[in-house]
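Residue numbering for the sequence shown follows the working numbering, beginning at 19 and increasing consecutively.
Report on one structure; see the data block that follows.
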Amino acid sequence: MKGQWDVKLLLLEGPTDISFFAPLLKKVYGFREAPKDLHDKIPLGKNFENPQSSPLSRPICLVKDNQAVVMFHVGGKDRLSKALKLVISSLHIWEEHFRPNLIGVARDIDTEHDVVNWARNVLSSFNPVERDGALVVNDVEVVPFGIGSVEINNPNVYEKKELELLLTALAEKESTLSQFERSLNQLKEDAQRRLKPKDVMHVLAIAKDYDGDSMSGLYRKFVEKLINEKPELIEGLLRESGLKEFLDRITG
């Protein structure tokens with residue numbers, strides 16, 4: 019497709035975040051994989067010069083009509099600050115008709131409850147202007163989002179506010195946690211502490227007969243299956259966690 023593109027960037031912590039967000043964008047919001055020639059217009063990421071020095075992964079570009087969402091992961095929460103600064107500093111190298119107008123940054127809440135304040139500190143040297151929950155730098159909106167704002171009702175699990183808490187909440191809603199309650203309780207006793215959401219993911223892998231090499235595949239398959247079979251659970255989670263408002267802004 020030629021002409022002007024509406025380009026949004028989405029910066030994520032790691033590959034498991036990509037595996038969570040990509041099915042949502044594809045199956046809930048109707049995006050699809052972009053053709054190769056469009057990927058060639060993305061001047062950042064590990065398919066370009068000096069890949070070892072870049073904090074950004076290979077870009078994943080999804081499209082719908084004249085909209086494009088370009089996702090990067092940065093290999094860990096601690097690298098998000100560097101990546102965000104790099105993206106802001108590199109806006110001028112994008113082609114004029116394929117230049118981002120919004121950058122979404124999603125990170126685990128964990129102990130940083132005010133992600134807007136975190137982004138404000140990261141971008142302080144760019145003198146951002148706050149507007150409608152975003153930070154504006156050179157007419158580009160930066161929209162921070164904290165992942166993990168959900169609650170679960172299981173005494174074996176500590177509600178650490180991270181991506182895996184969202185998946186734990188989904189597993190609770192579709193009854194996997196109750197079916198494997200004895201396993202969760204035994205794991206808690208063995209660890210002598212309540213389980214973190216990442217611990218629960220190993221139980222989820224057993225419950226779903228997942229034998230892949232990485233958790234990314236489990237997250238993707240679990241989300242896709244629920245979208246196809248129990249979309250109301252996904253819709254409920256998106257509303258409860260605030261993700262719907264964030265993704266509506268990314269795709270709007």
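All C-beta atoms, glycine included, are put in the ideal place defined by N, C-alpha and C.
query: Name the DSSP beta bridge partners of A152, please?
result: R149
G166 versus D157, R238, Y176, residue with shortest Cα-Cα distance: Y176
- prompt: To the nearest whole angstrom, what separates the beta carbons of L185 and M219, a pair I think is in contact under 8 angstroms?
  reply: 7 angstroms
task: Tell me where the alpha helix (DSSP H) around P41 begins and ends.
output: 33-41
task: Would you check if the distance between the CB atom of L120 and the CB atom of V161 is smaller than 8 angstroms?
output: yes
- request: Determine the DSSP secondary structure at G164, reduced to helix, strand or coil.
  value: strand
message: On the DSSP bridge list, what partners appear for E159?
response: L120, V154
Whether V133 touches G93 by CB criterion (8 angstroms): no
message: Nearest by alpha-carbon distance to L56: which of K82, P41, L43, L251 is it?
response: K82
Opposing strand residues paired with M89 [DSSP bridges]: L28, I78
message: Less than 6 angstroms between C-beta atoms, sequence neighbours within five positions excluded: which residues of the same chain meet that for A52?
response: C79, V81
- prompt: Candidates P215, A152, P146, K54: which alpha carbon is nearest G195's?
  reply: Correcting the residue identity first, residue 195 is Leu in this sequence and not Gly. Of P215, A152, P146, K54, the residue nearest in Cα terms is P215.
Segment contact flag, the region 238-255 with the region 128-142, C-beta cutoff 8 angstroms, min 3 pairs: no
message: Could you pull the DSSP bridge partners for D126 from this structure?
response: I165
task: May I ask you to report which of helix, strand or coil DSSP gives L188?
output: helix
- request: Look at the alpha carbon of K178 and the alpha carbon of G21, and state the distance between them as a whole number of angstroms.
  value: 44 angstroms
Per-residue burial, F66 [other beta carbons within 10 Å of its own, 16 or more giving buried]: Because the pLDDT at F66 is just 49, under 50, the model does not fix this residue reliably, and the point stays unresolved.
field: Residue environment, V16, which counts as buried when at least 16 other CB atoms sit within 10 Å
entry: No statement about residue 16 is possible, as the shown extent of the chain runs from 19 to 270 and does not include it.
For L256, the nearest candidate out of V25, E31, T34, F38 (CA to CA): F38
message: Going by DSSP, what residue range makes up the alpha helix (DSSP H) through A52?
response: Per DSSP, A52 belongs to no alpha helix (DSSP H) and is neither H nor E.
- request: Buried or exposed for D217, please, with buried defined as at least 16 other CB atoms from any protein chain shown within 10 angstroms of its CB.
  value: buried
- prompt: Just reading off the alpha helix (DSSP H) that P215 is part of, what are its end residues?
  reply: 215-225
message: To the nearest angstrom, how far is the alpha carbon of K100 from that of I60?
response: 18 angstroms
- prompt: What separation, rounded to the nearest whole angstrom, lies between the Cα atoms of Y237 and Y228?
  reply: 10 angstroms
message: To the nearest angstrom, how far is the alpha carbon of A223 from that of V241?
response: 13 angstroms
Beta-carbon separation (whole angstroms), L30 vs F90, contact threshold 8 angstroms: 7 angstroms
- request: Tell me the start and end of each unbroken alpha helix (DSSP H) in the region 228-264 that is at least 4 residues and wholly inside, in chain order.
  value: 233-247, 249-259
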